Amino acid sequence: MNDIDVCLVQMPYAVVDMPSLSLGLLKACLTRAGIGSSVVHAALWFAEDLGLDVYQTVAESDASTLIGEWTFARSAFPENHPDDEAYLTAIAPRASKRWFRLLRQCHPGLDAALLFRAVRERAGAFVPRAAERLLAMKPKIVGCSSSFQQNCSSLALLRQIKEQAPGVVTVMGGSNCEAEMGRALHGSFHWVDFVVSGEADEIFAELCGGLLRKGAGLGAEELPAGVFGPCHRSPGRSRGMASRVVVERLDETPIPDFDDYFAAFGRSEIRRHLTPVLTMESSRGCWWGQRHHCTFCGLHPAGLRFRSKSPRRVLEELEYLSRRHGSRTFQVTDEVLDRGYLKTVFPVLAGQGVAYNLYYEARHDLTREDLEVLARAGVRQVQVGIESLSTAALKTMNKRGPAVRNLELLKWAREVGMTVVWNFLHDFPGESDSWYLDLAGWLPWIVHLEPPRLAPSGGIRFDRFSEYHRAPDQHGLSLRPASVYTYVYPVDESVLTDLAYYLTDTSERWAHKNSQTMRPDAPAGIRAVLGCIRDWYVLFWNGRQDGVSPELTARDDGERLVIRDTRPVAAHEETILDGLERLVCLVCDRAKTPRGIVRDLRDFHGVEARWPEIQTPVRSLEAKKLLLAIDGRYLSLPVRDRGTRRPRPGDARAARVFSLGLAEDLAPRSLARACTLDVDPWIPLELDGPDRPSNRGP
C-alpha cells in the first residue's frame, strides 16, 4: 500500500487553534490496521487565505444562520441560484454579533453583505486549489468530517475531487451525518460515495480496508453498520435504515494522533497569532440525559448512552498527549463529567503537582468540595448546564433540581477562582412570563457572580433529536426545517425534513418567538430579565463607570463578618455583621429552609432560637440584599474571601482566538478593508445585548 492511502480532511469552518479529535482518532485507528493516512487541516489553509479575523467572524457566527454553509454553497451546488439578498437580510441580525463588532471597530462602515459575499468569492477559488493539493498526495480515499458549519465546504471539496479524479473514493462522516441526516446527504449528493452515521472508531479501518481492496463497489453485506454506500442507490433497493453506530468500550479506542495538525500549524502564518490547545475525551454520552433527556438537547438518543474511560486510561492519555505536543491545556469534549473521576482522576492530577489547564462540561449539582477537587487538579473552566435561575423553567425543560443549586454553584465557583460558562435559555414551550418578572426583581443582587451567555438567536433553538423534535405535539409545536436551508441546499422540503438540524416552529402559539424577545411588544417579564442580564454582563466584565468591578465578599474573624460590597445595589461598601446576623449569613452559605437554619444554629453554634426570633436578622439581611429567599430556602450571597483570582474576559478560549488586539494587528491586510461603505451599512447587525464585547474581551 502507498504511504498515504487515505486523506482525512478538516474543512472550514472548524476551529483552527486545536486539532480535530475525530480525525485524530480515525488516523490512529487506520495506523493500528496498517493503513497509511494523513489528516489535512484545510481549515488552516482557508483561515490563512481569508485572514484569521474574517475566518473567525464566520466560524463563530450563530450556526443556525448557516452563514458558513452559504459561503460554500455556490461551490458545492453551482447550478443553484437562490435569492442572496433575501437570505442576507434574513440572517443579518443574528450573524456573528460579537466578532463583527470587533471588525467594525477596526473598519468603520464595514458592511455585512459585502463581507459575506467576499468570503464566498474566496471560497469559490479555494475549493479547486484545495482539491489539487489533496490529489497531489495521490490518495485512494478522501474523507471529510462534517460538524456544525462544515457540510457545504465538505460537499464542495468532494465534488471537486470526483470531477478531477473520478476513481478516488469519497466519504463523509461527523455529527451532520447522523441517522436520517446522513441518509439524506447520501441520497441527494451522488459525488459522495459513502456516508458514515455515528461513531466510526471501530468500523472505519474495516471500511477503508474493503475500499482499498475492492473500490466503491462494496455490496450492502460488506458494509459495516451505520454506513450508506452506492449500493443503497441501486434501483429498487432501499437506502437502508437510518442507523447510528456506537462504540461501547472507550478504553479500546486508540489515543488520537495529532501529529499532522501540529506539523501544519507549525508551518502556518496563524502560529504567530495563536497558541494551540489540545483536545481529548474521557467519556461519551450523558448519564443524566440517558435517564432524563432535557427537552432542548439535540444529542441523538443512541449517543446519549453514557460510557467513560477508566481512570488509568484518562491519566495515561493526558500525560502522553501533553508530553508529545508540549502543552498541558486541554479542551475536554465530554458532554458531562463522570462524577467518579472526582475520587479517582482528579485527586491523582492534584497530587502530581503538574500545572494542567483543563476545560470540562458538568451538571449543575457540583458542590463546593467538588469544585475544590477540580480546581486543585487544574480545571480552570467548566461549562455547566445551568440554563435558568427559575425552578419552574428548569422543571419545564426536564432539568429538575431547584434553581438555588445553580446559584450555589456560581457562588462557589467564584470562591475557588473557576470560570463558569453557562447559558440562559428562554422562549421555550410552556414558559410563563411571570417567572421572568420574579427573576428581574433580584438579578441585580447577584452581579458579583459570573453572568450567562445568551443564545445568539435570542431564544431557545429547536434542534433535531431533541424532545421538541421527537414529540412536537406534546409541546404545542409545529416544526419544519428552518427557512434558511432553502437558500443553501438545492433539494425539496421532503429532503430537508431529513437533512435539516435546525428547525423552526410555525404554530400560532409560538410564532412570535425566536429572536424577537427584545421588541417593545415582547412580554414585560422577558424584556425585563434580558435587560438585567445585559447590564449584568457589561458590569461584570467591564466594571462600573468608575472602573470598579462588582464584588460581594465576606471575611470572618470569629466574631465579626466583614462584608465588602461594590454592587450597584449596595447601600455601603463595607458592612459589619455580628450576633445573629453573622451566624445566619454563615449557616446559609448553603441554601437552608427555615427549619434548617434553626437546626444549624443549634447544632453548630449552640444558639437555641425559634424561627420567629430568627426572622428579624433574616429580614435585615434581605434588606441589605445579602440574603436571598428562593424556593422556600435562604441563601447568603457573599463569596468567601479567599484571595482567588477574578475571572477575566480572556479566560474564554474564544477570546484567545480573536480579540480586539488581534483584529487591530490584522487590520492593514484584512479582507474587511475592501468591504466598507461610506454610508451606514444597508444590513446593520444587532450589536446591543449581553454578548457585546468590550475592549477587554468578549
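Note that my numbering gives residue 1140 to position 607 of the sequence shown, counting from 1, and the numbers run on in steps of one.
Ideal Cβ placement from N, Cα and C applies to all residues, glycine included.
Values in this document were obtained by computation on a predicted structure and should not be read as measured data.
Original post:
Can the beta-carbon of Tyr-546 be found closer than 8 Å to that of Val-591?
Top reply: With respect to the 8 Å criterion, Tyr-546 and Val-591 are classified as neighbours on the basis of their beta carbons.
Reference Asp-586; option with closest CA among Arg-634, Ser-555, Val-573 and Leu-558: Looking at the Cα atoms, Arg-634 is the closest of the given residues.
Taking only three categories from DSSP, how would you classify Ala-1142? If DSSP states are grouped into helix, strand and coil, Ala-1142 belongs with coil.
- Query: Leaving out the 5 sequence neighbours to the left and right, which residues in its chain are closer than 7 Å to Leu-927 when beta-carbon positions are compared?
  - Reply: If the five residues before and after Leu-927 are omitted, its C-beta is found closer than 7 Å to the C-beta atoms of Glu-920, Ser-921, Arg-933, Gly-934 and Ala-936, all from its own chain and listed in chain order.
Which whole runs of the beta strand (DSSP E) in the region 1066–1131 are 3 residues long or more, in chain order? Fully enclosed beta strand (DSSP E) runs of 3 or longer: 1085–1089, 1094–1098 and 1107–1110.
| Proximal residues to Arg-846 (C-beta, below 7 Å), its chain only, five neighbours per side dropped | Excluding the 5 residues flanking it on each side, Arg-846 has same chain C-beta neighbours closer than 7 Å at Asp-784, in chain order.
* To do: Go through its chain and collect everything with a Cβ distance to Leu-1012's Cβ below 8 Å, but skip five positions before and after it.
  => Closer than 8 Å at Cβ, skipping near neighbours: Phe-995, Tyr-1001, His-1002, Pro-1005, Leu-1036, Thr-1037, Asp-1038 and Thr-1039.
- Beta-bridge pairing of Pro-551 - partner residues as DSSP gives them: The sequence shown places Met at residue 551, not Pro. None, per the DSSP bridge assignment.
Which class does Cys-827 belong to by DSSP, given the choice of helix, strand or coil? Looking at Cys-827 - three-state DSSP - the assignment turns out to be coil, as it is neither helix nor strand.
Runs of beta strand (DSSP E) wholly within the region 688–748 (minimum 3 residues, chain order): Counting only runs of 3 or more, we get 702–706 and 727–729.
Cys-540 - partner residues in DSSP beta bridges: For Cys-540, the beta-bridge partners assigned by DSSP are Ser-571 and Val-675.
Discussion item. My output table needs one value for Gln-682: the three-state DSSP class, helix, strand or coil.
Written reply: Coil.
Residue ranges of each beta strand (DSSP E) within the region 834–922, 3 or longer: If we require 3 residues or more, the beta strand (DSSP E) runs fully inside the region 834–922 come out as 862–865, 890–895 and 912–917.
Q) For the 8 Å Cβ check, are there 3 or more pairs between the region 1017–1032 and the region 707–727? A) Look at the beta carbons and you see the region 1017–1032 touching the region 707–727: at least three pairs across the two are nearer than 8 Å.
Task: Whether Phe-879 touches Ala-910 by CB criterion (8 Å) - done: In this structure, Phe-879 lies near Ala-910, with their beta-carbon atoms less than 8 Å apart.
Q) Going by C-alpha distance, which of Ser-815, Phe-610, Leu-875 and Gln-682 is nearest Glu-593? A) Here the closest residue by C-alpha is Gln-682.
Just to confirm the assignment, what range does the alpha helix (DSSP H) spanning Val-953 have? Here Val-953 belongs to no alpha helix (DSSP H); instead the beta strand (DSSP E) covers 952–954.
*Pick helix, strand or coil for Val-1240, following the three-state DSSP scheme.*
Residue 1240 lies beyond the stretch modelled for the chain, which goes from 534 to 1231, so this question has no answer here.
Q) Which of helix, strand or coil does DSSP assign to Phe-610? A) Coil.
Alpha-carbon spacing of Ser-1048 relative to Leu-599, whole angstroms:
With a pLDDT of 44 at Ser-1048, under the threshold of 50, the modelled position of that residue is not reliable, and no figure is offered here.
- Does the separation of the CB atoms of Asn-1243 and Cys-827 fall below 8 Å? Here the chain has residues from 534 to 1231 only, and residue 1243 is not among them.
Point to revise | Straight-line Cα distance separating Trp-1074 from Ala-855 | key: The question names Ala, but residue 855 is Ser in the sequence shown. Rounded to the nearest angstrom, the two C-alpha atoms are 31 Å apart.
**Inter-residue Cα distance where the pair is Ser-680 and Phe-795** = One C-alpha to the other measures close to 21 Å.
Using DSSP with H/G/I as helix, E/B as strand and the rest coil, what is Tyr-1018?
-> Correct three-state label for Tyr-1018: helix.
Presumed contact (8 Å Cβ cut-off) between Glu-868 and Glu-849, rounded CB distance: The C-beta distance from Glu-868 to Glu-849 rounds to 22 Å, too long to fall under 8 Å, and the pair is not in contact.
### Message
Considering only DSSP beta bridges, list what Val-1172 is partnered with.
### Response
According to DSSP, which records beta bridges pairwise, Val-1172 is partnered with Thr-1086.
Notebook entry, point to check: To the nearest whole angstrom, what separates the beta carbons of Thr-929 and Glu-983, a pair I think is in contact under 8 Å?
Noted result: With a Cβ gap of about 24 Å, Thr-929 and Glu-983 do not count as contacting.
Taking DSSP's pairing of strands, which residues face Leu-1035 in a bridge? In the sequence on display, residue 1035 carries Tyr and not Leu. In DSSP, Tyr-1035 forms a bridge with Asp-996.
| query | What residues in its chain sit with their C-beta under 8 Å from that of Asp-966, if we drop five residues either side in the sequence? | reply | Answer for Asp-966: Pro-1056, Ala-1057, Gly-1058 and Ile-1059, listed in chain order.
* Quick one: what does DSSP say Phe-795 is sitting in, helix, strand or coil? -> In the structure shown, Phe-795 sits in a helix (DSSP, three-state: H, G or I).
Proximity to Ser-721 [Cα-Cα], best of Glu-1026, Asp-1089, Lys-944 and Asp-903: With distances taken between Cα atoms, Ser-721 lies closest to Glu-1026.
Those residues which DSSP pairs with Val-1151 across a bridge = Answer is none; Val-1151 lacks a bridge partner.
### Message
Within 10 Å of its beta-carbon, does His-1008 have 16 or more other beta-carbons around it, so buried, or fewer, so exposed?
### Response
Here His-1008 is buried. Its C-beta has 16 or more other C-beta atoms within 10 Å.
Discussion item. Quick check on Ser-594: does DSSP put it in helix, strand or coil?
Written reply: Coil at Ser-594, not helix or strand.
Check whether the region 688–699 and the region 599–617 are in contact - that is, three or more C-beta pairs closer than 8 Å.
Yes, the region 688–699 touches the region 599–617.
task: Could you name the residues of the same chain whose beta carbon sits closer than 8 Å to that of Trp-978, not counting the 5 residues immediately before and after it, in chain order?
output: Contacts found: Arg-1100, Val-1102, Lys-1158, Leu-1161 and Leu-1170.
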